[in-house]
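Read in order, the letters of the sequence shown correspond to residues -21 to -1, 1 to 388 in mature numbering (1 follows the signal peptide of the UniProt record, and there is no 0). Backbone N, C-alpha and C fix where the C-beta goes; we use that ideal spot for every residue, glycine too. Heads up, the thing below is written out as structure tokens.
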Amino acid sequence: MWIELTFVLALTLSSLPQILTGPTSLSSVKALTRASNQFSQKLYAQVALNRSISVYSPFSLHACLSMAYLGARTSTADQMKRTLQLIRVAAPHAAYKDLIKSLNAVPRVNVLIANGIWVNPNYPVKMQYQNVIVRQYFAEIDTIDLTAAGGPETPINSFVAEKTYNKIPDMLGPDSITNDTSSVLVSVLLFNATWNTPFDESLTTKGDFTRADGLNVQVDLMHQTTDLEFKQSAVENVDVVRLPFANQRLAFFVALPQTNSGLSALETMMASENTDIDVLFTGMSKVKVHLYLPRFRILASMSLKNALSKMGMPNAFQPVANFSGISVEPLVISDVFQRAVFEIRESGTAAAAVASSSLNAVTSLHVTDPPIVVRVDHQFMFFVRDDLSNQILFQGHVSDPSVSNLDIQ
């Protein structure tokens, strides 16, 4: 008999933290975040292309899969290592410990990373695996209550709902857990932050947004004039603007193609093996910007089994799977789910999935230079990024802000 091993990811948005003071720690964490960001671009190609909207948390997904990779062996481990881009990361689990500690400690923003593992009492998980999960990922461990009122999913859903302030109340649907479920791993990222310079609600007006098909839809365009980091890239044919949260270490980046139809070319370039995503966030200058940004909200629910199989780790979902580092019982991942809530508004960002220095080189233009108008009124990509570690916490795109729900089965 094969036993299901289910991985669940719950997400929520807003802002970010800081601890990575040691050079060795920061170096190892940056190797990890580079792997996570490379993984994110591969995933984007699977789940975001040709959709009106998308949002996901590469951090939450990569962390949850890394917890599974810890217990993988033989070809299952090899496939997961390549898919997670961990070939050049010497100690990923120790690096995750440093990164989680750092993010959970960011001041002036609400960032919560909570990991948990629920174990079927009939299929014991190895104590050594449990100890490492607790030590490196700060995971809470509990048993699956197969007799729980409302079903065995109820305690796990309560955990997720509590951590996300009820933004994601029903992570697992009925019958998600059966007697054959060995364990459930959950990684929750809650992010809630205010802008360093909030938008004035009285300046928000209706405006046109051009969709991929060339038709216009009416949206609420927030507006502010302030000093922001900005660049125009002739190489990527994209304008990039950085909106810092109150902490300054975390920021929301908009990558706006310079033509209405330029998103496809930008996405193709971002998914290329030769593209370093971090280049998108460097070489910026601080300038006076007239910014118009649509207010939007995205609810996303994704089943990622097919996407991850295509990305190079099919064995984890098949009877040949080897997770003998987790249990002596034969285990197989049934599916990987991620739910995300992402909202951009005048006060800041709220999302669930759920004094610092910037690593970007920033120069200042003379104060007499005329303001640059950045009107985000057509398709764009967006990122929430920790500029200390380079970790992308959330990534997505908007091609039609009138659409708010994304469901990938």
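Handout entry: LEU259 versus GLY152 - alpha carbon distance
Key = Residue 259 sits at position 280 when you count from the first residue of the sequence shown. Residue 152 sits at position 173 when you count from the first residue of the sequence shown. Cα-Cα distance, rounded: 38 angstroms.
Problem - Bridge partners - ASN195, DSSP secondary structure assignment - result: As a first step, residue 195 is located in the sequence shown; it is residue number 216 there, counting from the start. For ASN195, which the question treats as bridged, DSSP gives the partners THR189.
Problem - Whole-number beta carbon distance between LEU372 and residue 389, since they are thought to touch under 8 angstroms - result: Past the boundaries of the shown model lies residue 389; the chain is included only from -21 to 388, so the question cannot be answered.
Handout entry: For ILE79, the nearest candidate out of LEU207, SER4, GLY241 and ASP255 (CA to CA)
Key = On the sequence shown, residue 79 is found 100 positions in, with the first residue counted as 1. Nearest C-alpha to ILE79: SER4.
Problem - Residues near ASN101 in its chain [Cβ-Cβ closer than 7 angstroms; skip 5 each side] - result: Position 122 of the sequence shown holds residue 101. Closer than 7 angstroms at Cβ, skipping near neighbours: no residue.
Problem - Own chain partners of THR133 with C-beta closer than 7 angstroms, once the 5 adjacent residues on each side are dropped - result: Start at 1 with the first residue of the sequence shown, and residue 133 comes out as number 154. Excluding residues within five positions, the ones whose Cβ falls inside 7 angstroms are ALA127.
Problem - GLY95 to GLN211 span [Cα, whole Å] - result: As a first step, residue 95 is located in the sequence shown; it is residue number 116 there, counting from the start. As a first step, residue 211 is located in the sequence shown; it is residue number 232 there, counting from the start. One C-alpha to the other measures close to 42 angstroms.
Problem - Stretch-stretch touch, CB-based, cutoff 8 angstroms, three pairs: the segment 351 to 363 with the segment 223 to 236 - result: yes
Practice task
Could you work out which residue in SER251, LYS284 and VAL382 is closest to PHE296 when comparing CA atoms only?
Solution key: Position 317 of the sequence shown, counting from 1, holds the residue named residue 296. It is LYS284.
Handout entry: For ASP121: DSSP bridge partner residues
Key = By 1-based counting over the sequence shown, the position of residue 121 is 142. DSSP, once it has assigned bridges, lists TRP97 as partnering ASP121.
Exercise for the section: Would you be able to state if there are at least three C-beta pairs under 8 angstroms between the segment 249 to 263 and the segment 17 to 31? Expected result: yes
Exercise for the section: Taking SER181 as part of the beta strand (DSSP E), name the residues at either end of that continuous run. Expected result: Residue numbering aside, residue 181 sits at position 202 when the sequence shown is read from its first letter. First-last for SER181: undefined, no H or E at that position.
Problem - Per-residue burial, LYS289 [other beta carbons within 10 Å of its own, 16 or more giving buried] - result: Position 310 of the sequence shown, counted from the first residue, corresponds to residue 289. With fewer than 16 Cβ atoms within 10 Å of its Cβ, LYS289 is classed as exposed.
Exercise for the section: Using 10 angstroms around the beta-carbon of MET106, count the other beta-carbons present and answer buried if the total reaches 16, otherwise exposed. Expected result: Taking the first residue of the sequence shown as 1, we reach residue 106 at position 127. Exposed, by the Cβ-count rule.
Exercise for the section: Determine, using beta-carbon pairs with one atom in the segment 61 to 79 and one in the segment 314 to 324, whether at least three such pairs fall under 8 angstroms. Expected result: no
Handout entry: Assumed close pair THR189, ASN136 - CB separation to whole angstroms, cut-off 8 angstroms
Key = Taking the first residue of the sequence shown as 1, we reach residue 189 at position 210. Taking the first residue of the sequence shown as 1, we reach residue 136 at position 157. Actually they are not in contact, since the Cβ atoms of THR189 and ASN136 sit about 40 angstroms apart, beyond 8 angstroms.
Problem - With 16 other Cβ atoms within 10 Å as the buried cut-off, status of THR(-1) - result: Position 21 of the sequence shown, counting from 1, holds the residue named residue -1. Because THR(-1) sits at a pLDDT of 43, beneath the cut-off of 50, its placement in the model cannot be relied upon, and the following sentence gives the value as read from the coordinates. Result: exposed.
Practice task
Determine the DSSP secondary structure at ILE256, reduced to helix, strand or coil.
Solution key: Position 277 of the sequence shown, counted from the start, is the residue given in the question as residue 256. In this structure, ILE256 counts as helix in the three-state DSSP scheme.
Problem - Which of helix, strand or coil DSSP assigns to LYS76 - result: Numbered from 1 along the sequence shown, position 97 holds the residue referred to as residue 76. Helix at LYS76.
Exercise for the section: Rounded to whole angstroms, what's the CA-CA distance from THR55 to ASP379? Just pull it up for me. Expected result: Taking the first residue of the sequence shown as 1, we reach residue 55 at position 76. Taking the first residue of the sequence shown as 1, we reach residue 379 at position 400. Their Cα atoms are separated by approximately 39 angstroms.
Practice task
Answer yes or no: does any C-beta atom of chain D fall closer than 8 angstroms to that of LEU367?
Solution key: Among the protein chains of the structure shown there is no chain D, as only one such chain exists.
Practice task
Quick one: measure Cβ to Cβ for residue 389 and PHE178, integer angstroms, because I've assumed they're closer than 8 angstroms.
Solution key: An answer regarding residue 389 cannot be provided, because it is not within the stretch -21 to 388 covered by the chain.
Practice task
Give the DSSP-derived three-state secondary structure of LEU245 in the structure shown.
Solution key: As a working note, residue 245 is residue 266 in the sequence shown. Residue state, collapsed to three classes: helix.
Problem - Spatially closest choice to ALA279 from SER303, ASN16, GLN374 and LEU44, by CA coordinates - result: For this step, residue 279 is matched to residue 300 along the sequence shown. Residue GLN374 is the option with its Cα nearest to ALA279.
Handout entry: Contact check, PHE209 vs VAL266, beta carbons under 8 angstroms
Key = One-based indexing of the sequence shown puts residue 209 at position 230. One-based indexing of the sequence shown puts residue 266 at position 287. Cβ distance < 8 angstroms, so PHE209 and VAL266 count as in contact.
Exercise for the section: In the DSSP assignment, find the beta strand (DSSP E) that holds ASN239 and state where it starts and stops. Expected result: Locating residue 239 in the sequence shown gives position 260, counting from the first residue. Careful: ASN239 lies outside any beta strand (DSSP E) and carries neither H nor E.
Problem - Inter-residue spacing [alpha-carbon to alpha-carbon] between VAL377 and VAL307 - result: Along the sequence shown, read from residue 1 onward, the residue named residue 377 stands at position 398. Along the sequence shown, read from residue 1 onward, the residue named residue 307 stands at position 328. In a straight line, the C-alpha of VAL377 is about 45 angstroms away from that of VAL307.
Practice task
Note the first and the last residue of the continuous beta strand (DSSP E) segment covering ASN171.
Solution key: Walking along the sequence shown from the start, residue 171 turns up at place 192. Its beta strand (DSSP E) spans residues 160 to 173.
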